[in-house]
Structures are given as structure tokens and as C-alpha cells.
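These protein sequences, in sequence, are chains A and B.
First residue of the first sequence? That's 6 in the numbering used here, and the numbers climb one at a time after it.
First residue of the second sequence? That's 6 in the numbering used here, and the numbers climb one at a time after it.
Below: one structure, written as C-alpha cells.
2 protein chains.
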Amino acid sequence: MQLPSLADIQCAHNRIRPFIHRTPVMTSSQMNSIFGCELFFKCENFQKVGAFKYRGATNAIRCLNDDEKKRGVVTHSSGNHAAALSLAAKMNGVKARIVMPENAPVVKKNAVAGYGADITFCKPTLQSREETTGMIIGETGAVLIHPYNNFNVICGQGTAALELLEDIADLDIVIAPIGGGGLMSGTSTAVKAINDRIKVIGAEPLNANDAWQSFTTGRLVPSNNPKTVADGLLTSLCELTFSIIRKNVDEILTITEESIIECMLLVWERMKIIIEPSSATVLAVIKENPDKFRGRKTGLMISGGNVDFRKLPFSQQV
Amino acid sequence: MQLPSLADIQCAHNRIRPFIHRTPVMTSSQMNSIFGCELFFKCENFQKVGAFKYRGATNAIRCLNDDEKKRGVVTHSSGNHAAALSLAAKMNGVKARIVMPENAPVVKKNAVAGYGADITFCKPTLQSREETTGMIIGETGAVLIHPYNNFNVICGQGTAALELLEDIADLDIVIAPIGGGGLMSGTSTAVKAINDRIKVIGAEPLNANDAWQSFTTGRLVPSNNPKTVADGLLTSLCELTFSIIRKNVDEILTITEESIIECMLLVWERMKIIIEPSSATVLAVIKENPDKFRGRKTGLMISGGNVDFRKLPFSQQV
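In C-alpha cells, the structure reads:
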């Protein structure tokens, strides 16, 4: 199994730079004073389609050869990767086919359809997703672009950390959320290769702690029907992301649903930026473990900002 | 009646620059394509206390002489000016007394109390506010810092437009919301003095259209129990702001509640920044009058980002 190197991520950055946003690194003296450390928010909520996923999807599409481009791409996802792949395909004249569970939120169906992708609905099970995807590949020859079990996708995701370290060189710690492990694989590879004294910490909901279990026991444990407000972190590690994470990540810390919601609300209120629950996990880790971070310069990978404003986790008193 | 000049606003800028945030001017190719013009968002939602009000409050406080500083300041407000004056006073070692209606939202009471201001509650009528304020002035000698009927406050508010034109010199149009008229007075004075070919347009809710009425009839019409989701725009013009606006503003356009809410949601969804309903009025003006703006470079004064997330105007399906 070939693991990505820093050079692979740098190549990906050169490849995708003209097509992505260079997202800002935001700071807030108020947040620093609340948490007692120096925080640097890498704002991928401002990335195209509102999530870091556009980096990996763009890199994967730009790596296709002419024959593959003609055949088009396919993935199964109801979330940010579906939107990212659809737009990246459209921008490069490639046909995208997206397999979505029939119960996916209407806003997400509309977003993907709006980018011109073909949607095929399936039952909301992993088995049905994979069967439907396999069927489409059989019929069309489309190239599968998996959300994270894909070398080029991981290299693309790693470019966000490259930019963060270009902007803020002397970080002590970098925290990224862990779902399927694509962002963390790219992030940890880039960070450790640039400066192995920077501590890399994963943030994972306690209610979806398959990566924590895998990391702790040393063998890949799939998640079992996880329920968390962090809807981007429901997926399980694969062999590829698990291998990278075991090699590069120093620690995985789990956090409660209450901390995730509280930290999401805090960022909305104090920083006036919209982050999704998955992004709030990185701040929740600091909230639950203040001693580990006190006085430290900490980079936070803010993964995305796609939220259904009609279904907020804050209590409604209307 | 002395009206502020560009030089007054430039002096204010020099005075307050070390104490305020230089807020970013944001752009969005997606929004440009939706509205068919080039939009430049001056993001005062990222200002301290989450609103442009911190500029005027800071300028007013920094203009006090030593005797006035000792006596402290007082204002009546339940909104952003109360928070802004409280923090600006605290940062300058001045005592602030705030008169708030007893039915003000708990979050706003907490914010003001958190900045160390003394709060006096009154009945939720203009008469009770003014009487209570007068009583405090009589007892303490505190200096009244009115939210907008104040020369130094208006000069401070004008500094946001100065910065916008420093960053984007060749605008065709600038739009600002109109409540009491403080932001628009400062904005229009600065813009017209710098380049009188830039059109200055006011945005006002149809449901609180006292400025539109005053502007159209040529005499000051107070608002009569207005009801709008744009809670920062419930106040009426005063003689000072009316005079400035008559002199400098080209047009006032009113917009519906539906447009305000739709445009607020659009900014949240597409730009991932939190703006309050009052800020969304400037975009709503474009939405309701597309022909006036097509192809034009338009600056939008985003006044603030203070929202009670438990009472959002979007329909809740939880």
C-alpha cells in the first residue's frame, strides 16, 4: 500500500491551486482568552462548496487521463464529497454520477443536482450504496472517486494543512476532525513531514469513536450505526487512512455531543462565521482538555460550513 | 447645526484606528452571478462587539475631556450601541450607564453586563427611556452618548466607508441601511466627499419606512410603532441625521420582510458568514431592483452580525 508523501501533497497543491480558494486563517482574541491558548482557524468553510472536500475532488479529477475523463466519475455520498465531486467534475467537463440514499436531505439533493450531476437513489445502507455504485461502474465504466479511500483525494485534502503552515509556521499543535480519515491523513502527512515537533491530534465524537478504537487497539474497527450531530464524521476509517493515521497522528481525543454543539454556537456567536458541527469538534477537544493546550499555538482545521438552518441543534424557543 | 465633513471623519479614523478592527471587504463569485453585479461586502459583522457601532462609540469616548471621563457616559439602547458603548467605555477606563427596556432580550442584558456597565431598566417606551436617562444625567452628571444624534458618533461610523473606498476605489454605488441614520450619515458624507459620482443608496424596511417618508416629503416623519425583523432599524431619523441624509443620499429604497429574510439566509448559506437582518437589507435592495445594479460595482455596508440563534426567522422544522 503506497502512502502519500509531502511531495505528493505539494504536487497536488500545484495542480489544484488555480481552481480552489486560498482560504483565510482567522484569529480571535476573544476565543484565545476563553480557551487560554493561541488559536489559528484554517477556514475551509470558505472553500468552494463550503468544505475542504473540494480540494481532494479537484485533485482526483485533474489526475484522470483522457480516457477516464470520457467515462466520467461516480461516488456514493450524501454529503460534502458529493457536492464537491459534482462541481469539480462540472468545472472540468467530466460527467459525474452520484449515488445518494433516498432519505438524503432535499437541500443536499438539490445542491448536487444544481451542479449538473446525475443522481441515482439507493436504500440508506452501505450495502445498497456499494451495490448501486458497482452497477453504475459496470454499465458506464465510470471511475470511482471514493470520498477518502483514494490516494489522490487524500493528497488534495493535505493541501489545506500546507497552506496553514505556510501562513503560520511556528504552530505547536494541529487538530483535525476524523471521519473516514481523508482530511486527517493529508493533514498529518503534511504537518509531520514539514515539522515533526508539531503535535497532531485527531478530534472524534465519542458517539462515533471508531477511529479512537482502531487507534487504541491497533486494529481497524468499523463504526457501528453511530449517532452524532457531526454528520460529516459518521464514516469509518479504511485500511489506507488507518495506516497513515497510525503512522503520523500523536493522539485521538473524543468529545461529547454537548461540547460539539456548545463550541459550534460559540464560534457562530463570537466569530460570526458559520461552521458545521463536524468542524466544531476540533474546538471541543480544547474545551474538554484545557491543560493540553494552555499557552500553545494551535491550528484548527475548520472542515466545512454546510448546515441546514431549518434544523439547528440549538434549542428553539420560537 | 454643524454637519460632519470628510476631514472630521478622517480625524476620527486616526483617533480610533488602534482600537478597532480593520474589517475585511469580502467578495463572492457566486453572489455576483446570482445578482448580476459585482458586490463588495464591508464586513462590520467582524467589528468588535459584532457591529459598526463600536466605531462611533469609541470615537465619542476618545473625544471626552478629563472631566467628562470622570463623570462617565450614559445612553439608552437595547441593541448594538449599548454593547459598543459599554465595551468602549471599559477599554478607556470610563464608567458606562445603560438604560434598557425591561423586556430587552436576556442575551443583550448579559452582553452589556458582561462589559461591566451599570444597567438601569425602564418601561419599553421612548418616554420612559428618555426620562430614566435624564434622571441619571441629573444624578451623576454622566455625558449622554446618543446612538446617532451625536456628531462624534456619526464621524466614527463614517470610518467604515473610508476603509471600503481605500480598499475598492472604483465603486459605482454604495448601499447602507438606515435606522436612526448614524451609519448612513457617516457613510454618505465620506463617499460623496471622496467621489461624488458614486451613487449612495439607503436601504430601509418597508415596515419601518420613516426615513423614506421623510426623504420623500422633505419633512421629518417619526416612525410609528414599526414592526420589522430588522431589529436594528426600528429607530427614527433625528434633525441631524435627516439633514445629512437629505444632502448626500441619492435615493432610499424600501424592501419587504420576505426579501430581508431571504437575503439573510442566502448570505449565511453561500458566504458562510453571520449577518443580522438589518445587514441583509442592503442585499434585499438589489434583489428587489436588479435593473438599477446590473453590471455595477456595488459596496454593501454589512452593519452587524448579532443574532439570537434560538429565535431565527427561518421556518423551523425540528
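By construction, the Cβ of each residue, glycine as well, lies at the ideal position given by its N, Cα and C atoms.
Taking the beta strand (DSSP E) that residue i falls in, what are its first and last residues?
i, result
"B/PRO282", "Taken as a continuous stretch (DSSP letters only), B/PRO282 belongs to no beta strand (DSSP E), being part of the alpha helix (DSSP H) at 282–293."
"B/GLU135", "That residue, B/GLU135, is in no beta strand (DSSP E); its alpha helix (DSSP H) goes 131–145."
"A/GLU171", "First-last for A/GLU171: 156–172, but that is the alpha helix (DSSP H), not the beta strand (DSSP E)."
"A/GLU209", "204–210"
"B/ILE178", "178–182"
Along the alpha helix (DSSP H) that carries residue i, what are the first and last residues, could you check?
i, result
"B/MET306", "That residue, B/MET306, is in no alpha helix (DSSP H); its beta strand (DSSP E) goes 302–307."
"A/GLU73", "71–76"
"A/THR259", "Segment 256–260 is the beta strand (DSSP E) holding A/THR259; no alpha helix (DSSP H) there."
"B/LYS58", "58–67"
"B/CYS42", "Run containing B/CYS42: none; DSSP gives neither H nor E here."
"A/ASP215", "215–222"
"B/ALA198", "187–199"
"B/THR246", "244–253"
Identify whether residue i lies in helix, strand or coil by the three-state DSSP scheme.
i, result
"A/ALA122", "coil"
"A/LYS95", "helix"
"B/ALA101", "strand"
"A/CYS16", "helix"
"B/PRO106", "strand"
"B/GLN322", "Bear in mind that a pLDDT of 45 at B/GLN322, under 50, signals an unreliable position, so the model cannot answer this."
"A/MET31", "strand"
"A/ILE279", "coil"
"A/HIS86", "helix"
"B/THR80", "strand"
"B/CYS48", "strand"
"A/VAL312", "coil"
"B/GLN7", "coil"
"A/VAL117", "helix"
"B/VAL112", "helix"
"A/VAL226", "coil"
"B/LEU149", "strand"
Taking residue i as the reference, give the member of the options with the closest Cα.
i, options, result
"A/LEU131", "A/LYS113, A/PRO29, A/GLU107, A/THR194", "A/GLU107"
"B/THR233", "B/MET140, B/LEU167, B/GLY184", "B/GLY184"
"B/ASP215", "B/THR246, B/ASN50, B/THR125, B/ALA195", "B/THR246"
"A/ARG315", "A/ARG76, A/VAL111, A/ALA235, A/THR138", "A/VAL111"
"A/SER264", "A/ALA285, A/ILE250, A/LYS252, A/LEU258", "A/ALA285"
"A/GLU209", "A/PRO318, A/ALA109, A/ALA181", "A/ALA181"
"B/GLY119", "B/LYS95, B/THR125, B/GLU293", "B/LYS95"
"A/ILE257", "A/ILE266, A/LYS302, A/ARG301, A/LYS204", "A/LYS204"
"A/LYS302", "A/ILE173, A/LEU188, A/PRO318", "A/ILE173"
"A/ARG60", "A/LEU188, A/TRP273, A/ILE250", "A/LEU188"
"B/VAL104", "B/PHE126, B/LYS113, B/GLU171", "B/PHE126"
"A/ILE266", "A/LYS292, A/VAL254, A/GLN162", "A/LYS292"
"B/LYS75", "B/ILE307, B/GLU168, B/THR145", "B/THR145"
"A/ILE25", "A/LEU239, A/VAL54, A/SER83", "A/VAL54"
"B/ASP236", "B/SER219, B/PRO227, B/LEU225, B/GLU262", "B/GLU262"
"B/MET269", "B/THR221, B/PHE319, B/ASN229", "B/PHE319"
"A/ASN253", "A/GLU244, A/ARG224, A/ALA195, A/SER308", "A/ALA195"
Alpha carbon to alpha carbon, how far is residue j from residue i? Give it in angstroms, no decimals.
i, j, result
"A/GLU281", "B/LEU242", "39 Å"
"A/PRO231", "A/ASN37", "32 Å"
"B/GLU49", "A/ILE14", "36 Å"
"B/THR63", "A/PHE51", "31 Å"
"B/ASN294", "B/GLY41", "11 Å"
"A/ASN154", "B/ALA87", "52 Å"
"B/ALA198", "B/THR137", "39 Å"
"B/ALA147", "B/ASP313", "31 Å"
"A/VAL287", "A/LEU44", "11 Å"
"B/LYS329", "B/ILE159", "No information on residue 329 of chain B is available, as it lies outside the stretch 6 to 323 that chain B covers here."
"B/ARG299", "B/SER283", "23 Å"
"B/ASN157", "B/ALA17", "8 Å"
"A/SER4", "B/LEU211", "Nothing about residue 4 of chain A can be read from this structure; chain A reaches only from 6 to 323."
"B/LEU69", "A/LEU305", "41 Å"
"B/GLY191", "B/THR222", "22 Å"
"A/PRO152", "A/VAL99", "17 Å"
"A/GLU171", "A/ASN200", "12 Å"
"B/ILE260", "A/SER10", "54 Å"
"B/GLU135", "A/ILE39", "36 Å"
If residue i sits next to residue j, beta carbons under 8 Å apart, how far is it from one beta carbon to the other, in whole angstroms?
i, j, result
"B/ASN85", "B/ALA56", "4 Å"
"B/ILE66", "B/ASN97", "5 Å"
"B/LYS58", "B/ALA89", "4 Å"
"A/MET276", "A/SER34", "Contact doesn't hold; Cβ gap of about 11 Å is too wide."
"B/ILE206", "B/ASP255", "6 Å"
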